[in-house]
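Peer 1: Chains Y and X supply the protein sequences, listed in that same order. Per the numbering used here, residue 1 is the first one in the first sequence, and the count goes up by one each step. Per the numbering used here, residue 1 is the first one in the second sequence, and the count goes up by one each step. Heads up, the beta-carbon is just placed ideally off N, CA and C, and yes, glycines get one too. Predicted model only: the values in this text are computed from it and were never measured.
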Amino acid sequence: MSVAILRQGDYLIASIQSDLSDTEVLSFRQELTDLVGRHRARGIVIDVTALDVIDSFVARALRSIVLAAKLRGAETVIVGIQPDVAIAMVHFRLNLQSLRVALDLDEARALLDSSTRRDAGDGR
Amino acid sequence: MDQKANRTAVEDGTEQRTKERSDRTDRLLHELVAYLRDNRTDLRQEWAGRISEAELLGVMSDEEIFSEATAVYDNYVDALETGDIETLRSYAQELSERIIPRGVETHEVLGIVLLLRDVLARSLFAKYQDDLDLLNRILDEYEPAANRIAVTVGVSFVEERERVISEQQEAMRELSTPVLQLRERLLILPIIGVLDSDRARQLTEQLLGSIQENRARVVVIDITGVATVDETVANHLVQTVEASRLMGASTILTGLSSEIAQTLVDLGVDLSMMQTVGDLQGGLEEAERLAGYRGADSGAPGDDVTE
Numbered sequence: 001m002s003v004a005i006l007r008q009g010d011y012l013i014a015s016i017q018s019d020l021s022d023t024e025v026l027s028f029r030q031e032l033t034d035l036v037g038r039h040r041a042r043g044i045v046i047d048v049t050a051l052d053v054i055d056s057f058v059a060r061a062l063r064s065i066v067l068a069a070k071l072r073g074a075e076t077v078i079v080g081i082q083p084d085v086a087i088a089m090v091h092f093r094l095n096l097q098s099l100r101v102a103l104d105l106d107e108a109r110a111l112l113d114s115s116t117r118r119d120a121g122d123g124r
Numbered sequence: 001m002d003q004k005a006n007r008t009a010v011e012d013g014t015e016q017r018t019k020e021r022s023d024r025t026d027r028l029l030h031e032l033v034a035y036l037r038d039n040r041t042d043l044r045q046e047w048a049g050r051i052s053e054a055e056l057l058g059v060m061s062d063e064e065i066f067s068e069a070t071a072v073y074d075n076y077v078d079a080l081e082t083g084d085i086e087t088l089r090s091y092a093q094e095l096s097e098r099i100i101p102r103g104v105e106t107h108e109v110l111g112i113v114l115l116l117r118d119v120l121a122r123s124l125f126a127k128y129q130d131d132l133d134l135l136n137r138i139l140d141e142y143e144p145a146a147n148r149i150a151v152t153v154g155v156s157f158v159e160e161r162e163r164v165i166s167e168q169q170e171a172m173r174e175l176s177t178p179v180l181q182l183r184e185r186l187l188i189l190p191i192i193g194v195l196d197s198d199r200a201r202q203l204t205e206q207l208l209g210s211i212q213e214n215r216a217r218v219v220v221i222d223i224t225g226v227a228t229v230d231e232t233v234a235n236h237l238v239q240t241v242e243a244s245r246l247m248g249a250s251t252i253l254t255g256l257s258s259e260i261a262q263t264l265v266d267l268g269v270d271l272s273m274m275q276t277v278g279d280l281q282g283g284l285e286e287a288e289r290l291a292g293y294r295g296a297d298s299g300a301p302g303d304d305v306t307e
């Protein structure tokens with residue numbers, strides 16, 4: 001398994017260690033959505049620091065994970081996109097509007113803290 | 001056996017002839033060099049005179065021209081004698097280094113080298129006019145060597161100039177994209193001048209590196225100093241903003257003049273995902289709010305970061 005999923009409080013932290021194949025993406029999504037329900041997680045942080053390239057396949061996979069997690073009641077934040085990777089992603093013109101991004105784990109947690117708290121307050 | 005011996009004899013003969021020819025060449029060259037050395041003062045004087053006459057090297061004084069002329073003359077004759085142009089090349093390079101900052105042009109350098117070639121050729125005509133055959137043979141030796149020298153000096157000069165130009169370009173490129181940290185986690189990037197694809201890419205790279213290094217949360221890009229914006233430039237800006245977002249920083253674009261704003265609207269560039277504020281001051285206020293420096297009522301730091 002090339003993804004390690006850790007639990008910390010209300011959040012799940014998934015660290016992708018290497019490029020994912022089609023089946024790995026599916027099993028990763030399956031496991032993550034299962035864990036969201038089991039731990040009643042409110043937030044997910046996906047760490048992509050180890051990825052050298054994020055192409056349309058990976059971007060679509062991330063998007064589907066974000067949407068599936070959202071349906072299970074958890075917000076997702078992507079962290080660790082490297083400068084070169086970011087430039088390449090922009091040049092590929094990937095549709096990334098739905099992804100929430102933070103620089104690192106601290107930032108992601110701050111972002112989740114504020115958004116999940118606001119969600120609770122708004123009753124969303 | 002006989003055949004072999006014959007061939008050896010023929011080869012010997014060829015070698016002999018080659019040797020004879022090179023001996024004769026050496027002798028002629030030697031004579032030529034000796035002549036140029038003997039008449040050093042006159043020829044140098046005439047050359048310097050021709051340079052001033054042609055109004056070349058206007059930025060240098062007569063004394064400077066004369067002393068440089070002396071050095072070039074001696075190097076020139078040495079190069080003729082030995083056929084080794086390395087010394088001359090390094091001298092030409094060093095000379096170029098000195099005169100390029102003073103604004104000496106390529107045509108001037110080529111002009112003076114060709115003048116020297118002409119002055120020396122004329123003096124050879126004058127000396128050997130009674131013996132045309134010898135004159136021809138002397139010119140056979142002189143012309144290729146002189147041309148090679150002219151090419152060497154010219155190429156050295158151009159190479160040196162290109163080196164200076166590329167150095168300056170590099171320096172300008174570095175200067176032209178300063179990413180400044182205004183406050184902790186707040187960067188400002190003032191863009192001045194023309195934004196082409198190369199520069200936009202380099203600017204994006206530098207900005208993303210700085211975002212990572214400073215853990216920036218907000219970036220203000222100010223384009224007050226950008227004269228015109230066309231579709232390409234606008235798309236570069238959109239890409240820069242999008243890439244910054246992927247690094248977790250939100251971007252505020254400031255300093256769009258009314259002309260630029262109208263151009264962008266006319267071009268139909270989609271700037272909906274760009275947050276724009278009229279001037280730098282307003283942009284900084286907004287950035288400070290986003291970064292959580294001001295207005296506690298707007299929520300904890302990090303609010304709105306990716307919107």
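In three-state DSSP terms, what is Y:Leu103?
Peer 2: Coil.
Peer 1: At 7 Å on the CB atoms, spell out the chain Y contacts of X:Ala243, in chain order.
Peer 2: Here the neighbours are Ala86, Ile87 and Val90.
Peer 1: Please name the residue, chosen from Y:Asp19, Y:Ala59, Y:Gln82 and Y:Leu111, that lies closest to X:Glu213 on a Cα-to-Cα basis.
Peer 2: Comparing Cα-Cα distances from X:Glu213 to each of Y:Asp19, Y:Ala59, Y:Gln82 and Y:Leu111, the minimum goes to Y:Gln82.
Peer 1: Spatial neighbours of X:Val77 within its chain, please: C-beta separation below 7 Å, excluding the five flanking residues on both sides.
Peer 2: So the list reads Val33, Leu36 and Arg37, once near-sequence residues are dropped.
Peer 1: Give the residues from the segment 198-212 of chain X that approach chain Y closer than 8 Å (Cβ to any Cβ), ordered along the chain.
Peer 2: Result list: Arg201, Thr204, Glu205, Leu208, Gly209, Ile211 and Gln212.
Peer 1: Would Y:Ile78 pass as a contact of Y:Val101 if the rule is Cβ separation under 8 Å?
Peer 2: Cβ distance < 8 Å, so Y:Ile78 and Y:Val101 count as in contact.
Peer 1: CA-CA distance, X:Thr263 and Y:Leu96?
Peer 2: Roughly 27 Å between the two C-alpha positions.
Peer 1: Just to confirm my understanding: we take Y:Ala69, look at its own chain, exclude 5 residues before and 5 after, and list those with CB closer than 8 Å. What are they?
Peer 2: So the list reads Leu32, Thr33, Val36, Ile44, Glu75 and Thr76, once near-sequence residues are dropped.
Peer 1: On the criterion of 16 or more Cβ atoms from any shown chain inside 10 Å, does Y:Asp122 qualify as buried, or is it exposed?
Peer 2: Per-residue confidence for Y:Asp122 stands at a pLDDT of 44, beneath the threshold of 50, marking its modelled position as unreliable; the derived number appears in the next sentence. When all chains shown are included, Y:Asp122 counts as exposed.
Peer 1: Would you grab the beta carbon distance between X:Ile191 and X:Val220 for me? Rounded to a whole angstrom, and I think it's under 8 Å.
Peer 2: So it is not a contact: roughly 11 Å between Cβ atoms.
Peer 1: Would you identify the three-state DSSP class for X:Tyr35, choosing helix, strand or coil?
Peer 2: Correct three-state label for X:Tyr35: helix.
Peer 1: Just verifying my parser: in three-state terms, what is the DSSP assignment at X:Asp270?
Peer 2: In the structure shown, X:Asp270 sits in coil (DSSP, three-state: anything other than H, G, I, E or B).
Peer 1: State the start and end residues of the unbroken alpha helix (DSSP H) segment that holds X:Tyr76.
Peer 2: Looking at the DSSP string, the run of the alpha helix (DSSP H) that includes X:Tyr76 is Asp62 to Thr82.
Peer 1: Look up Y:Asp113 in the DSSP assignment and say whether it is helix, strand or coil.
Peer 2: If DSSP states are grouped into helix, strand and coil, Y:Asp113 belongs with the helices.
Peer 1: Measure the C-alpha to C-alpha separation of X:Ser166 and Y:Ser64 and round it to an integer number of angstroms.
Peer 2: Approximately 48 Å between the Cα atoms of the pair.
Peer 1: Considering only their Cβ atoms, is the gap separating X:Met247 from X:Leu186 smaller than 8 Å?
Peer 2: No, Cβ-Cβ distance for X:Leu186 and X:Met247 is not below 8 Å.
Peer 1: Hey, out of X:Asp62, X:Leu290, X:Leu56 and X:Phe157, whose CA is closest to X:Gln45's CA?
Peer 2: Comparing Cα positions, the closest option is X:Asp62.
Peer 1: Take Y:Asp113 as the anchor and find which of Y:Phe92, Y:Ser98, Y:Ile5 and Y:Leu12 has the nearest alpha-carbon.
Peer 2: Of Y:Phe92, Y:Ser98, Y:Ile5 and Y:Leu12, the residue nearest in Cα terms is Y:Leu12.
Peer 1: Apply the 10 Å Cβ neighbour rule to X:Asp198 and answer buried if 16 or more other Cβ atoms are within range, or exposed otherwise.
Peer 2: Result: exposed.
Peer 1: Is the beta carbon of X:Val241 less than 8 Å from the beta carbon of X:Met274?
Peer 2: Against a cut-off of 8 Å, the Cβ pair of X:Met274 and X:Val241 comes out as a contact.
Peer 1: Considering just the uninterrupted stretch of the beta strand (DSSP E) at X:Pro190, what are its terminal residues?
Peer 2: Run containing X:Pro190: Leu186 to Ile192, per the beta strand (DSSP E) assignment.
Peer 1: Can you look up X:Leu195 in the DSSP assignment and give me helix, strand or coil?
Peer 2: Coil.
Peer 1: Given that a residue counts as buried once 16 or more other Cβ atoms are within 10 Å of its Cβ, and exposed if not, what is X:Ser156?
Peer 2: Under this definition X:Ser156 is a buried residue.
Peer 1: Which value, in whole angstroms, describes the spacing of the CA atoms of X:Leu28 and X:Tyr142?
Peer 2: Rounded to the nearest angstrom, the two C-alpha atoms are 9 Å apart.
Peer 1: Using a C-beta cutoff of 8 Å, does X:Met247 count as contacting chain Y?
Peer 2: X:Met247 counts as touching chain Y.
Peer 1: Quick one: which chain Y residues come within Cβ less than 8 Å of X:Arg215?
Peer 2: Those are Leu103, Asp104 and Glu107, listed as they occur along chain Y.
Peer 1: Applying a beta-carbon distance threshold of less than 9 Å, which residues of chain X neighbour Y:Leu96?
Peer 2: Here the neighbours are Glu242, Arg245 and Leu246.
Peer 1: Rounded to the nearest angstrom, what separates Y:Arg40 and Y:Ile16 at their Cα positions?
Peer 2: So the two alpha carbons sit approximately 22 Å from each other.
Peer 1: At least one CB of chain X closer than 8 Å to the CB of Y:Gly121: is that the case?
Peer 2: Here the model assigns Y:Gly121 a pLDDT of 46, short of 50, so the residue's position is not dependable, and the following value carries that caveat. No, Y:Gly121 lies away from the interface with chain X (no Cβ there is under 8 Å from its Cβ).
Peer 1: For X:Gln239, is the classification buried or exposed, using 16 other Cβ atoms within 10 angstroms of its Cβ as the cut-off for buried?
Peer 2: By the neighbour-count rule (16 or more Cβ atoms within 10 Å), X:Gln239 is buried.
Peer 1: What would DSSP say about X:Thr232, mapped onto helix, strand or coil?
Peer 2: In the structure shown, X:Thr232 sits in a helix (DSSP, three-state: H, G or I).
Peer 1: Leaving out the 5 sequence neighbours to the left and right, which residues in its chain are closer than 7 Å to X:Ala243 when beta-carbon positions are compared?
Peer 2: Counting only Cβ-Cβ distances below 7 Å, and skipping sequence neighbours, we find Thr204 and Leu208.
Peer 1: Report yes or no: is there a C-beta of chain X within less than 8 Å of the C-beta of Y:Ile81?
Peer 2: Yes, its Cβ sits closer than 8 Å to a Cβ of chain X.
Peer 1: Examine the Cβ distances between the segment 40-58 of chain X and the segment 101-112 of chain X and report whether three or more of them are shorter than 8 Å.
Peer 2: Enough Cβ pairs lie closer than 8 Å, so yes.
Peer 1: Among Y:Asp104, Y:Leu99, Y:Arg109 and Y:Asp84, which one has its Cα closest to the Cα of X:Arg201?
Peer 2: That would be Y:Asp84, whose Cα lies nearest to the Cα of X:Arg201.
Peer 1: From the DSSP secondary-structure annotation, give me the bridge partner or partners of X:Thr254.
Peer 2: Bridge partners of X:Thr254: X:Asp222 and X:Val277.
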